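Participant: Can you read through this structure? Questions will come right after.
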Ligand SMILES: Nc1ncnc2c1ncn2[C@@H]1O[C@H](COP(=O)(O)OP(=O)(O)OP(=O)(O)O)[C@@H](O)[C@H]1O
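In the UniProt record's numbering, the protein residues as written are 1 to 303.
Set out below in structure tokens:
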């Protein structure tokens with residue numbers, strides 16, 4: 001199977017600023033990909049190159065086997081920029097229909113496509129409203145509907161759920177999960193917990209360099225447990241270390257522990273032992289995750 005996206009040796013300079021430094025990766029059709037990194041890491045620059053909005057200073061980028069932004073491939077890749085805006089003058093129906101027509105739909109088909117994508121984001125009843133009649137979260141969902149017009153094979157969502165309330169953010173996450181079998185999503189976000197629920201692979205950019213390249217469903221994960229507690233307990237780490245299978249415990253962040261362990265035949269499952277330990281000591285836990293959280297995968301790699 002040929003790759004959807006291939007990036008090799010890509011550099012991007014803005015004057016003296018080295019925004020992307022020898023970035024390389026391949027994306028095949030499949031599970032959603034996360035693009036994470038701190039402010040100014042180069043995420044928007046990289047996404048803009050993939051969309052063909054800007055060109056790399058050097059290196060090679062191929063999208064569907066061609067240069068990014070090639071006319072024949074325009075409808076195969078859709079992008080929702082971080083700061084996507086709707087035109088306040090026109091109804092949602094008019095804007096989405098117009099956008100669909102730009103993609104080659106007839107006027108009649110375009111109307112149906114606008115209805116279809118609005119339904120996907122749960123806004124079919126708002127089709128005749130103008131943006132000013134919608135909340136911030138609803139407007140954001142309309143821009144996501146716009147990105148879904150035409151069933152693109154790759155959909156890039158830059159900070160898709162930023163500013164949405166938890167309910168709306170969850171709806172968007174379920175939508176992405178649901179559509180992922182036919183669409184390859186590239187999601188950029190600062191919210192690692194959001195991405196870990198959705199993505200199997202992570203591209204981690206830092207200061208223009210692609211530092212990590214993970215597969216989250218890695219078998220090594222079976223040897224980690226992440227335990228989140230309601231309170232910090234001084235005796236917890238020694239107690240966890242006292243369990244026979246446990247090899248290491250790291251206080252990965254406030255009230256969170258990353259537990260490494262070895263599995264031997266006949267052992268009682270470690271998660272059960274940990275829950276019993278909490279129960280015996282009256283320690284309230286909030287969450288027990290089999291495997292590392294995405295944050296721990298990225299930032300507690302060496303341990
Ligand atoms: N058009 C431009 N002109 C000059 N410098 C730029 C331009 N676009 C980006 N940069 C610089 O390149 C670097 C990478 O910026 P970019 O917007 O890609 O980061 P980002 O990871 O998307 O950040 P954020 O998470 O804050 O959106 C930053 O130092 C930024 O200031």
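Glycine included, every Cβ here is placed at the ideal spot set by N, Cα and C.
Predicted, not measured: the structure shown is a model, and the values here were computed from it.
1) On the three-state DSSP scale, how would you describe residue 89?
2) One question on the structure: do residue 292 and residue 258 come within less than 8 Å of each other, judged by their Cβ atoms?
3) How is the beta strand (DSSP E) around residue 273 delimited, first residue to last?
4) I think residue 271 touches residue 290, with their Cβ atoms under 8 Å apart; what is that distance to the nearest whole Å?
5) Rounded to the nearest angstrom, what separates residue 60 and residue 46 at their Cα positions?
6) Quick one, which of 209, 227, 264, 284 has its alpha-carbon nearest residue 9's?
7) Taking the continuous beta strand (DSSP E) assigned at residue 18, which residues delimit it?
8) According to the Cβ coordinates, are residue 142 and residue 120 closer than 8 Å?
9) DSSP has residue 108 in a bridge; who is on the other side?
10) Suppose the cutoff is 8 Å on Cβ atoms and the five residues either side in sequence are ignored; what does the same chain contact list for residue 88 look like?
11) Taking the straight line between their C-alpha atoms, what separation do you get for residue 278 and residue 109?
12) Counting along the chain, where does the alpha helix (DSSP H) carrying residue 173 start and finish?
13) Going by DSSP, name the residue or residues bridged to residue 134.
14) What separation, rounded to the nearest whole angstrom, lies between the Cα atoms of residue 117 and residue 230?
15) Can you tell me whether residue 106 is buried or exposed, with buried defined as 16 or more other CB within 10 angstroms of its CB?
16) Quick one: Cα of residue 253 to Cα of residue 295, how far?
17) Straight-line CA distance for residue 228 to residue 165?
18) At the level of alpha carbons, what is the spacing between residue 251 and residue 170?
19) Does DSSP classify residue 289 as helix, strand or coil?
20) In chain order, what are the residues with a CB under 6 Å from some non-hydrogen atom of ligand 1?
21) On a Cα-Cα basis, can you pick out the residue from 223, 91, 232 that is closest to residue 284?
22) Which same chain residues, not among the five before or five after residue 42, have their C-beta less than 7 Å away from its C-beta?
23) Hey, out of 196, 256, 274, whose CA is closest to residue 33's CA?
24) In terms of residues, what are the limits of the beta strand (DSSP E) holding residue 152?
25) When DSSP labels each residue in this structure, what does residue 311 get in the three-state scheme?
26) Do you know whose CA, among 15, 13, 23, 17, lies nearest residue 5's CA?
27) Can you say whether residue 149 is buried or exposed, counting buried as having 16 or more other CB atoms within 10 angstroms of its CB?
Facilitator: Quick look at the numbers:
1) coil
2) yes
3) Run containing residue 273: none in the beta strand (DSSP E); it sits in the alpha helix (DSSP H), 270-281.
4) 6 Å
5) 12 Å
6) 209
7) 17-27
8) no
9) Paired residues: none, contrary to the question.
10) 130, 131, 132
11) 59 Å
12) 166-179
13) For residue 134, which the question treats as bridged, DSSP gives no partner whatsoever.
14) 41 Å
15) exposed
16) 10 Å
17) 23 Å
18) 28 Å
19) strand
20) 14, 17, 19, 37, 39, 40, 41, 42, 43, 44, 45
21) 232
22) 19, 20, 205, 208
23) 196
24) Run containing residue 152: none; DSSP gives neither H nor E here.
25) Here the chain has residues from 1 to 303 only, and residue 311 is not among them.
26) 23
27) buried
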